[in-house]
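Structure (structure tokens):
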């Protein structure tokens, strides 16, 4: 969720939308550049989008309502902040976190979304931790997830963008564990520079974008559940190991989240 603050497009290509923190000022929000083709009927959704000028408690939980975090880390609200026009999710050592030895930041959207184009501008934390932008929901009859990215901030993990789509449970098929992972090349070190990361999700397919360029396309056979939007940092001990001495504290920076979607895409949690 970290992107360029302005997009060089003519006003005719922009949408006027009231952004959080704009104090009643109407700000033009340009449609994404590059090969992103948002359907003309899709509109900018201010109820999901956030420029992160202030923390909006009406849009976000500062914790995950369904999960305390991945051991040896635990989610902690003091690792979530908004400053400098960015959402900042931290990771730090913790001596009083019970069984956990690290505390990490997360935010989870209060509203769910089904289909849309989501774009952020972000810079990964420069440490052996996972900076992630993903969507998920776990209901009684279905549990699915789409990972826009889930990435470590040191080599070799920073040399590829890890994308995925999971199916854990579907109606009439309660026991599933399908993973559709794909690694794509980043334009540069994702922990040193901000890049735009986008996801186009509709009834027919899911498509991933980096800096406006399509990098992956997947047929949408399973992902029709309304999902929550998540940003977080996790300690992935079995995948990335433990952060080295001197890597912490570290921060995952998100400049903005912008969402376009069809009118029927909203679903309250």
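Numbering (mature numbering (1 follows the signal peptide of the UniProt record, and there is no 0)), first residue to last: -22 to -1, 1 to 247.
Yeah, the Cβ is synthetic: ideal placement off N, Cα and C, and Gly gets one too.
Which of helix, strand or coil DSSP assigns to residue i
{"i": "residue 53", "result": "strand"}
{"i": "residue 215", "result": "helix"}
{"i": "residue 28", "result": "strand"}
{"i": "residue 136", "result": "helix"}
{"i": "residue 36", "result": "coil"}
{"i": "residue 242", "result": "helix"}
{"i": "residue 175", "result": "strand"}
{"i": "residue 13", "result": "coil"}
{"i": "residue 112", "result": "strand"}
{"i": "residue 123", "result": "strand"}
{"i": "residue 225", "result": "coil"}
{"i": "residue 107", "result": "coil"}
{"i": "residue 198", "result": "coil"}
{"i": "residue 23", "result": "coil"}
{"i": "residue 64", "result": "strand"}
Straight-line gap, residue i to residue j (C-alpha atoms, nearest Å)
{"i": "residue 35", "j": "residue 132", "result": "32 Å"}
{"i": "residue 154", "j": "residue 62", "result": "42 Å"}
{"i": "residue 60", "j": "residue 66", "result": "6 Å"}
{"i": "residue 191", "j": "residue 182", "result": "19 Å"}
{"i": "residue 145", "j": "residue 230", "result": "27 Å"}
{"i": "residue 159", "j": "residue 142", "result": "4 Å"}
{"i": "residue 14", "j": "residue 219", "result": "35 Å"}
{"i": "residue 121", "j": "residue 223", "result": "37 Å"}
{"i": "residue 78", "j": "residue 19", "result": "47 Å"}
{"i": "residue 195", "j": "residue 73", "result": "43 Å"}
{"i": "residue 110", "j": "residue 68", "result": "12 Å"}
{"i": "residue 227", "j": "residue 206", "result": "27 Å"}
{"i": "residue 21", "j": "residue 204", "result": "18 Å"}
{"i": "residue 57", "j": "residue 225", "result": "16 Å"}
{"i": "residue 101", "j": "residue 169", "result": "5 Å"}
{"i": "residue 125", "j": "residue 186", "result": "10 Å"}
{"i": "residue 156", "j": "residue 193", "result": "21 Å"}
{"i": "residue 106", "j": "residue 48", "result": "14 Å"}
{"i": "residue 55", "j": "residue 42", "result": "10 Å"}
{"i": "residue 37", "j": "residue 29", "result": "12 Å"}
{"i": "residue 119", "j": "residue 209", "result": "24 Å"}
8 Å CB neighbourhood of residue i in its chain, flanking five on each side removed
{"i": "residue 46", "result": "52 and 53"}
{"i": "residue 188", "result": "139, 162, 164, 165, 173, 174, 175 and 176"}
{"i": "residue 16", "result": "9, 10, 95, 178 and 238"}
{"i": "residue 136", "result": "102, 129, 130, 164, 167, 168 and 169"}
Residues near residue i by beta carbon distance below 7 Å, same chain, minus five either side
{"i": "residue 215", "result": "50"}
{"i": "residue 171", "result": "101"}
{"i": "residue 127", "result": "110, 111, 139, 140, 141 and 175"}
Close beta carbons around residue i, own chain, < 6 Å, minus the five adjacent residues each side
{"i": "residue 180", "result": "93"}
{"i": "residue 236", "result": "27 and 97"}
{"i": "residue 39", "result": "86"}
{"i": "residue 197", "result": "183"}
{"i": "residue 75", "result": "52 and 81"}
{"i": "residue 44", "result": "none"}
Test: residue i CB closer than 8 Å to a CB of chain C
{"i": "residue 23", "result": "No chain C is present in this structure, which holds just one protein chain."}
Whole-number beta carbon distance between residue j and residue i, since they are thought to touch under 8 Å
{"i": "residue 103", "j": "residue 184", "result": "The pair is not a contact, with the Cβ atoms about 25 Å apart (cut-off 8 Å)."}
{"i": "residue 213", "j": "residue 82", "result": "7 Å"}
{"i": "residue 200", "j": "residue 148", "result": "6 Å"}
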